[in-house]
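Counting in our numbering, the sequence shown runs from 396 upward without gaps. Just so you know, even glycine gets a beta-carbon here, dropped at the ideal spot from N, CA and C. Structure first, commentary second.
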Amino acid sequence: MSSPRRSLVPFSAALGGLAVSAALALAAPAAAEPAMRSVSAEGVGVVSLAPDRASIMIGVEEMRDTAAEAMEAVSAAAAGVIAALRHVGVPAADIATMDISLGPLMRRAPAADEPARVVGYRARNMLRVNVTDLSRLGQAVGAAAAAGGNAISSVAFDSSEAEEARRRALALAVEDARRRAEIMAASAGARLGPVQELSESGEPRPMMRMQAAMADGAAPVMPGERTLSVRVHGRWALVD
396 MSSPRRSLVP FSAALGGLAV SAALALAAPA AAEPAMRSVS AEGVGVVSLA PDRASIMIGV
456 EEMRDTAAEA MEAVSAAAAG VIAALRHVGV PAADIATMDI SLGPLMRRAP AADEPARVVG
516 YRARNMLRVN VTDLSRLGQA VGAAAAAGGN AISSVAFDSS EAEEARRRAL ALAVEDARRR
576 AEIMAASAGA RLGPVQELSE SGEPRPMMRM QAAMADGAAP VMPGERTLSV RVHGRWALVD
């Protein structure tokens, strides 16, 4: 009765030894596999393009004794600015009201313990004007100012070729990163293998300078040139 139980002990030990040997045999190739060598580099691509359209914020601001008078005055002034823009060829679809505001004008009381009092009201109407023909930009700005536009806050230039320029800048950035990686690899006595990672670092950075001066009639506006800068990060395998 006791002999069968004694025969189980060496059989279990043999199974345990076989499992350990198999695990070591499977782990040995992974441990012996060399680490993949690689090189990383960043590249920059810059493309210049001329703007062909602009967006202007043109506002009118009026101050009157009562809120109703201020709103009536600013509405009439805004209508005059819109009419002037239409007269110089800006389509109605390119003129949009962005903000209308009305608030009291407060005057501080002479005595510190007295509350400030309302002395009038300020109304404001802001228009966004898109100009797709830059040859008419100065004329549009001058016409708006002459018609009562007294809060011209910004002129932003853009280009219809911006997306194509971004693609060109991205391709140039990749070429630049690969060229840098090739120089480093050659200095180390190796060559570039397959690309392992490629990513864009941050958002494209548009840079544009603009100079403008207001004058009677047409306002001289110089849109300058837009520069689009793209940066990428790449990693390549190294081969002998």
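Inter-residue Cα distance where the pair is R563 and S470: As a position in the sequence shown, residue 563 is number 168, starting the count at 1. As a position in the sequence shown, residue 470 is number 75, starting the count at 1. Rounded to whole angstroms, the gap between the alpha carbons of R563 and S470 is 46 Å.
By how many angstroms is the C-alpha of G544 removed from the C-alpha of L500? The residue labelled residue 500 in the question sits at position 105 within the sequence shown. The residue labelled residue 544 in the question sits at position 149 within the sequence shown. If you take the alpha carbons of L500 and G544, they lie about 21 Å apart.
Let me know the beta strand (DSSP E) ranges lying completely inside the segment 463–544, each 3 residues or longer, listed in chain order. Every beta strand (DSSP E) stretch that sits fully inside the segment 463–544 and reaches 3 residues is listed by chain position as 490–502 and 512–526.
As assigned by DSSP and simplified to three states, the class of D571: Here residue 571 corresponds to residue number 176 of the sequence shown, with the count starting at 1. DSSP places D571 in helix when its eight states are reduced to three.
Cβ-Cβ distance between A546 and A479 below 9 Å: In the sequence shown, residue 546 corresponds to position 151, counting from 1. In the sequence shown, residue 479 corresponds to position 84, counting from 1. A distance of 9 Å or more separates the beta carbons of A546 and A479.
Contacts around V361, its chain only, beta-carbon distance under 6 Å, and the 5 residues preceding and following it disregarded: Because the chain here runs from 396 to 635, residue 361 falls outside it and cannot be looked at.
In the DSSP output, which residue or residues are listed as bridge partners for R459? Numbered from its first residue, the sequence shown carries residue 459 at position 64. BP columns for R459 point to Y516.
Does the beta-carbon distance from V439 to L567 come in below 9 Å? Your numbering for residue 439 matches position 44 in the sequence shown. Your numbering for residue 567 matches position 172 in the sequence shown. Contact flag set, yes.
Kindly identify the DSSP beta-bridge partner or partners of E592. Walking along the sequence shown from the start, residue 592 turns up at place 197. Residue pairing by DSSP places E592 opposite R630 in a beta bridge.
Would you mind working out which of V485, A488, H482 and G454 sits nearest A473, comparing C-alpha positions? What you label residue 473 is simply residue 78 of the sequence shown in a count that begins at 1. Checking every option, the nearest Cα to that of A473 belongs to G454.
Look at the Cβ atom of V441, then the Cβ atom of T622, and state whether they are nearer than 9 Å. Here the question's residue 441 lines up with position 46 in the sequence shown. Here the question's residue 622 lines up with position 227 in the sequence shown. Yes, the pair counts as a contact, with Cβ atoms nearer than the cut-off.
How far does the beta strand (DSSP E) with A551 in it extend, from its first residue to its last? Start at 1 with the first residue of the sequence shown, and residue 551 comes out as number 156. Start and end: S549 to D553.
Three-state secondary structure (DSSP) at R448? For the purposes of this step, residue 448 is identified with residue 53 of the sequence shown, where counting begins at 1. The DSSP-derived three-state label of R448 is strand.
Coil, strand or helix - A580 by DSSP: Residue 580 sits at position 185 when you count from the first residue of the sequence shown. Residue state, collapsed to three classes: helix.
Cβ neighbour criterion (16 or more within 10 Å) applied to G533: Walking along the sequence shown from the start, residue 533 turns up at place 138. Counting the other CB atoms within 10 Å of its CB gives G533 a total of 16 or more, which places it among the buried residues.
Minimum C-alpha distance to M458 - residue among G515, A491 and A511: Counting from one through the sequence shown, the residue named residue 458 turns up at place 63. Comparing Cα-Cα distances from M458 to each of G515, A491 and A511, the minimum goes to G515.
Thinking L522 and A580 are a contact (beta carbons under 8 Å), I'd like their distance in whole angstroms, please. Start at 1 with the first residue of the sequence shown, and residue 522 comes out as number 127. Start at 1 with the first residue of the sequence shown, and residue 580 comes out as number 185. Not really, about 57 Å apart at Cβ, beyond 8 Å.
Assuming P618 contacts A468 under a Cβ cut-off of 8 Å, what Cβ separation, rounded to an integer in Å, is found between them? For the purposes of this step, residue 618 is identified with residue 223 of the sequence shown, where counting begins at 1. For the purposes of this step, residue 468 is identified with residue 73 of the sequence shown, where counting begins at 1. That belief does not hold up - the Cβ atoms of P618 and A468 are roughly 33 Å apart, past 8 Å.
I'd like the list of long-range same chain contacts for A420, defined as Cβ closer than 8 Å, with 5 residues on each side in sequence excluded. As a working note, residue 420 is residue 25 in the sequence shown. Residue confidence for A420 is low, a pLDDT of 47 falling below 50, so the modelled location carries little weight; the figure read from the coordinates is stated next. Counting only Cβ-Cβ distances below 8 Å, and skipping sequence neighbours, we find nothing.
So, helix, strand or coil for R380, using DSSP? This structure cannot settle anything about residue 380, because the visible part of the chain is limited to 396 through 635.
Reducing DSSP to helix, strand and coil, say where E558 ends up. For the purposes of this step, residue 558 is taken as residue 163 along the sequence shown, with counting starting at 1. Correct three-state label for E558: helix.
Contact belief for R512 with R502 at Cβ below 8 Å, rounded distance in angstroms: In the sequence shown, residue 512 corresponds to position 117, counting from 1. In the sequence shown, residue 502 corresponds to position 107, counting from 1. Between the beta-carbon of R512 and that of R502 there is about 6 Å, and that keeps the pair under the 8 Å contact cut.
Sub-9 Å separation of S624 and A445 beta-carbons: Residue numbering aside, residue 624 sits at position 229 when the sequence shown is read from its first letter. Residue numbering aside, residue 445 sits at position 50 when the sequence shown is read from its first letter. It is not a contact, given that the beta carbons lie outside the stated cut-off.
On the CB-based measure, 16 or more other CB atoms within 10 Å of its CB, does R574 come out buried or exposed? Here residue 574 refers to the residue found at position 179 when the sequence shown is read from its first residue. With fewer than 16 other Cβ atoms from the protein chains shown falling within 10 Å of its own Cβ, R574 counts as exposed.
Take the Cβ of I578 as the centre, count every other Cβ of all protein chains shown within 10 Å, and call the residue buried at 16 or more, exposed below. Within the sequence shown, residue 578 is the residue found at index 183, counting from 1. Exposed, because fewer than 16 other Cβ atoms sit within 10 Å of the Cβ of I578.
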